[in-house]
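Only one structure is covered here, and it is reproduced in the block below.
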Amino acid sequence: MFYLKLILKNVFRAKLRTGLTLAGLVIAVMAFGLLQTVVDAWFAGANASSNARMITRNAISLVFPMPAYYRERIKAIPAVKSVSHSQWFGGIYKEPKNFFPQFAVDHENYFEMFPEFLFKPEELLAFKRDRQGAVVGRKLADQFGWKVGDTVPIRGTIFPGEWQFTIRAIYDGRDEVALTRQFYFHWDYINEWLKKRFPRRADQIGVFNIEVSDPTRTAEVARAIDAEFKNSLAETLTETEKAFQLGFVAQMETIVLAIRVVSFVVIFIIMAVVANTMAMTARERIVEYATLKALGFSPRFVAGLVFGEAMMLSLIGAGLGILLTFPVAAGFADSPAGAIFAAFKVNGMTVWMQWACAIVVGLVAALVPGWRSARIRIVEGLRHVG
Amino acid sequence: MTALVEIKHLAKSYKRGEQVVPVLHDITLDIARGDFISLMGPSGSGKSTLLNLIAGIDKPDRGVLRVDGVDITELGEGELADWRASHIGFIFQFYNLMPVLSAFENVELPLQLTNLSRAERRARVALTLGMVGLADRMDHYPNELSGGQQQRVAIARAIVTDPTILVCDEPTGDLDRHSAADVLDMLKRLNADLGKTIIMVTHDAHAAEAARRMVHLEKGELSGGEG
Chain C
0 MFYLKLILKN VFRAKLRTGL TLAGLVIAVM AFGLLQTVVD AWFAGANASS NARMITRNAI
60 SLVFPMPAYY RERIKAIPAV KSVSHSQWFG GIYKEPKNFF PQFAVDHENY FEMFPEFLFK
120 PEELLAFKRD RQGAVVGRKL ADQFGWKVGD TVPIRGTIFP GEWQFTIRAI YDGRDEVALT
180 RQFYFHWDYI NEWLKKRFPR RADQIGVFNI EVSDPTRTAE VARAIDAEFK NSLAETLTET
240 EKAFQLGFVA QMETIVLAIR VVSFVVIFII MAVVANTMAM TARERIVEYA TLKALGFSPR
300 FVAGLVFGEA MMLSLIGAGL GILLTFPVAA GFADSPAGAI FAAFKVNGMT VWMQWACAIV
360 VGLVAALVPG WRSARIRIVE GLRHVG
Chain P
0 MTALVEIKHL AKSYKRGEQV VPVLHDITLD IARGDFISLM GPSGSGKSTL LNLIAGIDKP
60 DRGVLRVDGV DITELGEGEL ADWRASHIGF IFQFYNLMPV LSAFENVELP LQLTNLSRAE
120 RRARVALTLG MVGLADRMDH YPNELSGGQQ QRVAIARAIV TDPTILVCDE PTGDLDRHSA
180 ADVLDMLKRL NADLGKTIIM VTHDAHAAEA ARRMVHLEKG ELSGGEG
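Residue numbers (numbering that gives the first Met the number 0), protein chains in the order written: chain C, 0 to 385; chain P, 0 to 226.
Shown next as C-alpha cells:
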C-alpha cells in the first residue's frame, strides 16, 4: 500500500512532464489501436464470407467479363445449388469522395444467396418489380440520409451517363460484419442500355456468384467449373468467396504490412519518450534514492520505484488511449473514409495488444534508469547535485 | 562507558581516474556508548568519510570497524542495509526528506522496514513527532515547513526506530542561528535524556561545543581531541 502510494505520488510530481508524456502515450496507444483495427478491417470482408459461396471470374483478370450464357452451364455442374451474377458499376454519387461500392446484380435470386442481408419482404418485392429500383445497406442509407422512395442519381464511369435509381429497399446486416454500405440495382437495367449503346458489351457478366449444396465440395466444384470453360474464349477462375476476398487483400499486402510496421514504430517512438522521461526522473531523484538506501531500503526497492512509476505511467496512458480508441474508431467508421471497410470495429485482441504494448513500454523504459538507480553508491548519491 | 564503536587502523582512499587519493590514514578511535562526539576539521580532512564508514554507507580499504560488537566491514550489501535500518539514524545537512510525503509519512518511512503493525507505527510516529515539537505539523509537506522544522522532521525520522547511533552530517549547516540552536538543543537532550550515541560532523565550532567530546581530523589523520 505504502509502495503504491509512493509510486502514485511520484508519478504526478512533475505535472507538466507527466501530462505531456501521458498525452504522447494516449495518442500512441490510440494510434496503434486504430492502425491494428484498419488491418483487421481489411480482413473483415474475407472473414465474413460464407463457406458455401464461390465466385467465378475471368481467369485473366477481374476487368474482363464472361458471356452471360456461362450461367446455365455452371448451373448444370453437380453440387451447384444456385447461380447468380453481379457486375461492378463504379459510378460517382455527386462527388468522387462519396465513394461506395455499387453492383448491378441478378435481381431475381442474388439476395437469396446472402441470408446475412435482412430485408422487409415487401420492400424486396418492390425492388424486384422496379427495373430502376435499388437496394441499399442501412449504413449507406444513414450516411446520405436516404429513405425508401428517394431517387439517387449516379454518374457512370465504366457505363457512361447519368443514371437514376429509386431506392426500393433498405436492408440491415444480420451481424456487425455484414456489409451494409453497398448499393445494388438491376443488372438488366444496364444490360438493356448496353444493347442499345454498345451491343458488343451486352450480355457480359463480371462475376458469377455460386452457391454450393455441400461446402466440403467447393474444391471439386471449382475444378469442374474451370474445366468446363477450358480453352474457351473466356477461361474462368473459380474460388471460394473467402479466397476471392483474400485475393483483394493480397493485392494490398504491402500496404497492410506498412500499416502494421507503422503501428509498431509508433509504439517504439513512445517507448523512447517514456524512457527519456524515466531517465530524467531517476536522475533528479538520485539523492532521494541514495537516502532511501541509506535508511536501509534495498536496491530492489529503489529499482521497484522506478519500474513501478514507469508501469503506472504506461498503464494510465494505455487505459486512456484504449478508452479513446473506441469513439475515434466509431467516428472513423461513420465517416466517408470508413466506407471502404465492411466493418471497422476495435476487437478484443487489439485491446489486449494495446495493454501488452503498454507493459512492454513501461518495462523497457524503466530498464536502464531502474538498474542505475539500484546500483547507485549511497555516498555518491548523497553528494549529487540535481 | 564501554566502547560502542571500535575503529582500528582504518584507511580509506578514493580513485579519481587512474589516480588513487588517500582520504583516511590509519585511524584508531573508540566511541563509547552514550557519547556525543563532534568530528571537526577543514574541508577534505576526511571527517565525512569517517562518518560514512561508521554509518555503514561506505566501505574502508582496510582496518577494523566494529559497532556494538559487529564488524560491519564483513557485512554484505543486503546485511549492511538491514544493519543500518536497525542501528543507524541519519540526520543530513539538507534534511533529505521525501518531498511527496507528509511529515508523518516521512517519519514513518524507516518503520516500513520493520514488522510493526500500522497502528503501532502510527502511535510511534505520533509520539516521535510530539517529541520534536511537530505534533501539529504532521500533515504538512516538506515545502510547507521551515528549514528548522524540516530538520526536526529529519531528527524524528532518525530516532523513530530507536537506533543505536545517530549520525549527523552538518545538521545545522543549512539553518539560521535560532533554528540551529533548537536542533543542537534537541540533540543534546536526545543524548542526555535518552542516552543516544551521537556522532556529528560539523564545521561550526559553536555547534561542536554542544558535543561532549570533539575529535579533530587533519589530512586524514586524527590530530587530537578534547573531552
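Glycine is no exception: its CB is placed at the ideal position from the N, C-alpha and C atoms.
Residue contact with chain P for C/Phe331: absent (no Cβ-Cβ distance below 8 angstroms to any residue of chain P). Contact of C/Asn9 with chain P by beta-carbon distance below 8 angstroms involves Val99. In this chain, the alpha helix (DSSP H) harbouring P/Gln149 covers 146-158. Unbroken beta strand (DSSP E) stretches of 3 residues or longer found wholly inside the segment 120-163 of chain C: 132-136, 150-155, given in chain order. At a cut-off of 8 angstroms, the C-beta of P/Pro109 has a neighbouring C-beta in chain C. P/Pro98 counts as exposed, since fewer than 16 other beta carbons sit within 10 angstroms of its beta carbon. Assigned with DSSP and collapsed to three states, C/Asn57 falls in strand. Bounds of any beta strand (DSSP E) do not take in P/Arg117; it lies within the alpha helix (DSSP H) bounded by 117-130.
Across the segment 49-81 of chain P, CB contacts with chain C closer than 7 angstroms involve Asn51, Ile56, Asp57, Gly77, Ala80, Asp81, in sequence order along the chain. When beta bridges are read from the DSSP output, P/Pro21 appears opposite P/Ser12. In the DSSP assignment, P/Arg211 forms no beta bridge with any residue. If you look at C/Lys80, you'll find it in the beta strand (DSSP E) that goes 79-87. Taking a Cβ-Cβ threshold of 7 angstroms, none of the residues of chain C is close to P/Leu133; the smallest such distance is about 19 angstroms.
Under the three-state reduction of DSSP, C/Asp187 is assigned to helix. Fewer than three pairs of CB atoms, one per stretch, sit closer than 8 angstroms, so the segment 174-191 of chain P makes no contact with the segment 368-380 of chain C. Cβ-Cβ distances below 6 angstroms link C/Val265 to Ala27, Ala30, Phe31 in the same chain, with the five nearest sequence neighbours on each side left out; the list follows chain order.
Taking a C-beta distance under 8 angstroms as the contact criterion, P/Phe93 and P/Asp173 qualify as a contact pair. Sixteen is the threshold: since fewer than 16 other Cβ atoms of the shown chains lie within 10 Å of the Cβ of C/Asn230, the residue is exposed.
Interface residue (Cβ-Cβ distance to chain C less than 8 angstroms): P/Leu112 is classified as such. Pairing P/Ser145 with P/Ser101, the inter-Cα distance amounts to about 14 angstroms.
Around the beta-carbon of C/Thr253, fewer than 16 other beta-carbon atoms lie within 10 Å, marking it exposed.
DSSP lists P/Val63 as the beta-bridge partner residues of P/Lys7. Considering only C/Tyr109, C/Gln142, C/Ile224, the residue with the shortest C-alpha distance to C/Asn208 is C/Tyr109. Against chain C, the beta carbon of P/Phe89 has neighbours under 8 angstroms at Thr290, Ala293, Leu294, listed in chain order.
Relative to the Cα of C/Pro214, the nearest Cα in the group C/Gln35, C/Pro77, C/Gly380 belongs to C/Pro77. For P/Asn105, no CB of chain C lies under 8 angstroms from its own CB, so it is not counted at the interface with that chain. Within 7 angstroms of the CB of C/Arg12, the CB atoms of chain P belong to Val99, in sequence order along the chain. The beta-carbon separation of P/Leu64 and P/Asp70, rounded to 7 angstroms, stays under the 8 angstroms limit for a contact.
For C/Leu7, the CB contacts under 8 angstroms within the same chain, skipping 5 residues up- and downstream, are Met311 in chain order. Note on geometry: alpha-carbon atoms of C/Phe164 and C/Trp145 lie some 12 angstroms from one another. Taking 3 residues as the minimum length, the beta strand (DSSP E) runs contained wholly in the segment 184-211 of chain P are 196-200, in order along the chain. Segment contact: the segment 157-174 of chain P against the segment 104-119 of chain P, three or more CB-CB distances shorter than 8 angstroms; contact assigned.
Scanning its chain for C-beta atoms nearer than 7 angstroms, with the 5 sequence neighbours on each side dropped, one finds around C/Val211 the residues Ala51, Met53, Ala78, Val79, Lys80, Thr217, Val220, in chain order. Close partners of C/Ser297 in chain P (Cβ separation under 7 angstroms): Gly77, Ala80.
A buried status is given to P/Ser47, since no fewer than 16 other beta-carbon atoms sit within 10 Å of its beta-carbon.
Against C/Val286, the close residues of chain P are Asn95, in the order they occur along the chain (beta-carbon pairs closer than 7 angstroms).
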